[in-house]
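Visitor:
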Ligand SMILES: CC(C)(COP(=O)(O)OP(=O)(O)OC[C@H]1O[C@@H](n2cnc3c(N)ncnc32)[C@H](O)[C@@H]1OP(=O)(O)O)[C@@H](O)C(=O)NCCC(=O)NCCS
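In the numbering used here, the protein residues as written are 4 to 197.
If you want it as structure tokens, here you go:
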């Protein structure tokens, strides 16, 4: 049976190994192509454990974690993600920031992605935020690893009420599967007023 549950702060701790495994498996796919490391994953996820205002929407099939979606105050996110807001004269303290949504392929197309947004927006409201944002990697249209049948998520995000903001652009480093070392990836923000 598939269950969706919202966890906060320290409640995430027991799930770290499962979340790290899931993130590394899904982010290997286009468009992230992420060559993950367990060491980076543990550090990244520890931040959520330490923050009472963090959110994890977790999807389990039985005891197995098959999907997850995270959020936290933008002022607690990496400096790279706050930078475009500061540069645009926007206060990072006024925004709740959505991190990743990852779901095993067998569980896609049944509305869990919609539920990820619904639950994170509800948590943002409960914490007093009226502005939410997330960002997505920008890959060249002719990238050799782009699957020919890939359907971009832009339409899905627009239907959830998000607006693409090309003026809010972040640069974040990770190592692609095809790279020998990390390089900066351009990422564009999408925003919504609750
Ligand atoms: C993003 C993701 C979590 C969405 O999950 P999902 O449960 O398939 O989403 P839903 O079932 O709620 O459907 C969302 C949209 O995906 C599309 N969709 C339907 N079936 C799909 C499938 N089998 N695979 C991918 N997308 C599908 C639909 O168009 C739907 O949009 P609409 O209802 O507004 O028309 C999932 O595709 C995923 O894990 N992708 C890989 C990681 C990623 O790119 N994450 C986003 C950035 S962090």
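C-beta atoms are modelled at their ideal positions from N, C-alpha and C, and glycine is treated no differently.
The beta strand (DSSP E) with residue 10 in it runs from where to where?
Guide: 5-11
Visitor: Less than 6 Å between C-beta atoms, sequence neighbours within five positions excluded: which residues of the same chain meet that for residue 165?
Guide: 193, 195
Visitor: Taking all protein chains shown into account, do 16 or more other C-beta atoms lie within 10 angstroms of the C-beta of residue 49, making it buried, or fewer, making it exposed?
Guide: exposed
Visitor: Following a CB-centred definition, is residue 60 positioned closer than 6 Å to any heavy atom of ligand 1?
Guide: no
Visitor: Is the region 101-116 touching the region 37-45, taking contact as three or more C-beta pairs under 8 Å?
Guide: no
Visitor: Do residue 57 and residue 12 have their CB atoms nearer than 7 Å?
Guide: Contact: yes.
Visitor: With burial defined as no fewer than 16 other Cβ atoms inside 10 Å of the residue's Cβ, what is the status of residue 98: buried or exposed?
Guide: Per the 10 Å Cβ criterion, buried.
Visitor: Excluding the 5 residues preceding and the 5 following residue 174 in the sequence, name in chain order all residues of the same chain whose CB lies nearer than 8 Å to its CB.
Guide: 83, 187, 188, 189, 190
Visitor: Tell me the DSSP secondary structure of residue 160 in three-state form.
Guide: helix
Visitor: Any chance the CB of residue 65 is under 6 Å from a heavy atom of ligand 1?
Guide: Result no, Cβ not under 6 Å from ligand 1.
Visitor: Go through its chain and collect everything with a Cβ distance to residue 86's Cβ below 6 Å, but skip five positions before and after it.
Guide: none
Visitor: Does the region 14-29 come close enough to the region 141-149 to have 3 or more Cβ pairs within less than 8 Å?
Guide: no
Visitor: By Cβ distance below 7 Å, which residues in the same chain neighbour residue 133 in space, the five residues on each side in sequence not counted?
Guide: So the qualifying residues of the chain are 196, 197.
Visitor: How big is the Cα-Cα spacing for residue 39 and residue 63?
Guide: 22 Å
Visitor: When the Cα of residue 180 is compared with those of 19, 34, 14, which residue comes out closest?
Guide: 34
Visitor: Looking only at its chain, what residues have a beta carbon closer than 6 Å to the beta carbon of residue 96, apart from the 5 residues adjacent to it on each side?
Guide: 78
Visitor: Regarding residue 117 and ligand 1, is the C-beta to nearest heavy atom distance less than 6 Å?
Guide: yes
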